[in-house]
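In my numbering, the protein residues as written are 248 to 510.
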């Protein structure tokens, strides 16, 4: 990979990681449409690690409160933070199990443009329906254990490129009656254990690979993706209640339709 490819792909991943439009699909599609070689799984992991660091930085206060509540808190005011921390762990369990079982398939066999086109289009429509029909009456403080099962199970669908991890979590959360901002915050916070688990699994697999690693490209990619992801989180949370999910759903439908028509 040359430096232009690294910068373009890292910016693209960081800008799309926390939007409901599938960062993995864009990372796969960009090299295909621009005539570049596929950047490979190692680069995908590196830019996701950059996004994870952005998440840790942006939600450091909430994460600190959850950690303190789990480790030391018996005070009543710590109960909500402790509950949310355990809820996130429970909601992560399904994708850890399914992701570990499907790792080789996800990293190789599912990187097809036709599949991405259909998932981009179909789950874009599903996002619009959930946003239009959801009651938007609940906050993240009102999450139930059953929500963890449903949202965590829905997140497993994001192993297929084009579905979008953030998108399917927001879709499930909206369908369960959460407010838009609450659905987005749940998607973002749930990304932390999910990306951490995926990165750990990928690192274990990479230890057995003998190919040379371009560490400069991976480090630059992680840094650029982290900065763009932080900015994306910041502005998305401030705008989502006002603009809704329609622009993202429409983008997905148009992109999926174009891919089906011209590829």
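Glycine included, C-beta positions come from ideal geometry on N, C-alpha and C.
In this text the structure is predicted, and so the values were computed from the model without any measurement.
Those residues which DSSP pairs with residue 385 across a bridge
Position 138 of the chain shown, counted from the start, is the residue given in the question as residue 385. Partner(s): 425.
How far does the alpha helix (DSSP H) with residue 308 in it extend, from its first residue to its last?
Stepping through the chain shown from its first residue, residue 308 is reached at position 61. Segment 307-318, the alpha helix (DSSP H) holding residue 308.
For residue 342 and residue 403, believed in contact at Cβ under 8 Å, the rounded distance:
If you number the chain shown from 1, residue 403 lands on position 156. If you number the chain shown from 1, residue 342 lands on position 95. With a Cβ gap of about 5 Å, residue 403 and residue 342 count as contacting.
Name the residue from 344, 289 and 304 whose alpha carbon lies nearest to the alpha carbon of residue 473.
Start at 1 with the first residue of the chain shown, and residue 473 comes out as number 226. The residue with the shortest Cα to Cα distance from residue 473 is 304.
Output yes or no for whether 8 Å exceeds the beta carbon distance between residue 502 and residue 367.
Locating residue 502 in the chain shown gives position 255, counting from the first residue. Locating residue 367 in the chain shown gives position 120, counting from the first residue. Going by C-beta atoms, residue 502 is nearer than 8 Å to residue 367.
Reduced DSSP category for residue 265 - H, G, I as helix; E, B as strand; rest coil
Taking the first residue of the chain shown as 1, we reach residue 265 at position 18. Coil.
With C-beta atoms as the reference, is residue 464 less than 8 Å away from residue 290?
Residue mapping note: residue 464 aligns to position 217 of the chain shown, counting from 1. Residue mapping note: residue 290 aligns to position 43 of the chain shown, counting from 1. Contact: yes.
By alpha-carbon positions, which one of 285, 416, 376 and 252 ends up nearest to residue 360?
Taking the first residue of the chain shown as 1, we reach residue 360 at position 113. For the residues 285, 416, 376 and 252, the minimum Cα distance to residue 360 belongs to 285.
Residue 285 in three-state terms, based on DSSP
Here the question's residue 285 lines up with position 38 in the chain shown. It is coil, neither helix nor strand.
Grouping DSSP H, G and I as helix and E and B as strand, with all else coil, what is residue 411?
To locate residue 411, count along the chain shown from 1; it is residue 164. Coil, per DSSP.
Would you mind sorting residue 379 into buried or exposed? The rule is 16 or more other CB atoms within 10 Å of its CB.
Here residue 379 refers to the residue found at position 132 of the chain shown. Exposed.
Just curious, the alpha helix (DSSP H) that residue 471 is in, first and last residue?
Here residue 471 refers to the residue found at position 224 of the chain shown. Where residue 471 is concerned, the enclosing alpha helix (DSSP H) stretches over 462-490.
As assigned by DSSP and simplified to three states, the class of residue 391
The residue you call residue 391 lines up with position 144 of the chain shown. Note: residue 391 maps to coil in three-state DSSP.
On the premise that residue 468 lies in contact with residue 269, defined as a C-beta separation below 8 Å, what is that separation, rounded to the nearest angstrom?
Taking the first residue of the chain shown as 1, we reach residue 269 at position 22. Taking the first residue of the chain shown as 1, we reach residue 468 at position 221. Between residue 468 and residue 269 the Cβ distance is about 18 Å, and since that is not below 8 Å, they are no contact.
Confirm, please, whether the CB-CB distance from residue 311 to residue 261 is below 8 Å.
The residue labelled residue 261 in the question sits at position 14 within the chain shown. The residue labelled residue 311 in the question sits at position 64 within the chain shown. Not a contact, by the Cβ cut-off of 8 Å.
Would you identify the three-state DSSP class for residue 326, choosing helix, strand or coil?
As a first step, residue 326 is located in the chain shown; it is residue number 79 there, counting from the start. DSSP places residue 326 in helix when its eight states are reduced to three.
Residue 395 vs residue 337 beta-carbon contact at 8 Å:
The sequence position of residue 395 within the chain shown is 148, counting from 1. The sequence position of residue 337 within the chain shown is 90, counting from 1. Contact flag set, yes.
Could you have a look at residue 248 and say whether DSSP puts it in helix, strand or coil?
Mapped onto the chain shown, residue 248 falls at position 1. Three-state result, residue 248: coil.
Excluding the 5 residues flanking residue 259 on each side, which residues of the same chain have their C-beta closer than 8 Å to its C-beta?
Along the chain shown, one-based indexing puts residue 259 at 12. Excluding positions up to five away in sequence, the list reads 270, 273, 274 and 277.
Roughly how many whole angstroms lie between the Cα atoms of residue 333 and residue 387?
In the chain shown, counting from the first residue as 1, residue 333 sits at position 86. In the chain shown, counting from the first residue as 1, residue 387 sits at position 140. Near 13 Å, if we compare the C-alpha coordinates of residue 387 and residue 333.
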